[in-house]
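S.K.:
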Amino acid sequence: MEDCVFCKIRKGELPSTILYSDDDFMIIKDINPRAKIHLVAIPYTHVPHIEMMTEEGACVLGKIILKISHLQEELGLVGGYRLLINQGENAAVSHVHIHILGGEKLKEF
Ligand SMILES: [Zn+2]
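As structure tokens, then:
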């Protein structure tokens, strides 16, 4: 999608700090961190809502969750972390993505 921030980051049209990438998704640092470690996992396929996602897209979300668990030491997440899935225009960027928060004791909500 042309005016999507995450699609622009993927195409290299906007700067980001990429910590991991493969054929399906990337993990970048959030530019407005809400925790000591705040990362964003972005599937490459632009899908605004989970209900519009294919099974393949849903599998990518599962792959992201597994990969985060495999990279937790490298990403600074040892001791626990929180994953938060955002979708739709009420969640700021209308491109399904997962926030990764950790690196400290997180507040309950
Ligand atoms: Zn997008």
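Using my numbering, read the sequence shown as starting at 28 and increasing by one per residue. Ideal Cβ placement from N, Cα and C applies to all residues, glycine included.
For the beta strand (DSSP E) containing HIS65, name the first residue and the last one.
M.R.: Taken as a continuous stretch (DSSP letters only), the beta strand (DSSP E) holding HIS65 covers 64-70.
S.K.: Measure from the alpha carbon of ILE127 to the alpha carbon of each residue in THR72, ILE95, SER121 and GLU29, then state which is nearest.
M.R.: Answer by Cα proximity: ILE95.
S.K.: Out of curiosity, what's the CA-to-CA distance linking SER43 and MET53?
M.R.: Between SER43 and MET53, the C-alpha separation is close to 11 Å.
S.K.: Enumerate in chain order the residues of its own chain whose CB-to-CB distance from HIS122 is below 6 Å, with the five nearest sequence positions on each side excluded.
M.R.: Counting only Cβ-Cβ distances below 6 Å, and skipping sequence neighbours, we find CYS31, PHE33 and HIS73.
S.K.: Measuring only the C-alpha atoms, how far is LEU110 from LYS134?
M.R.: When rounded, the distance between both Cα atoms is 13 Å.
S.K.: Helix, strand or coil, according to DSSP, for ASN117 in the structure here?
M.R.: Residue state, collapsed to three classes: helix.
S.K.: Quick test of your reading: LEU46 and ILE36, contact by CB under 8 Å. State the CB separation rounded to the nearest angstrom.
M.R.: So it is not a contact: roughly 13 Å between Cβ atoms.
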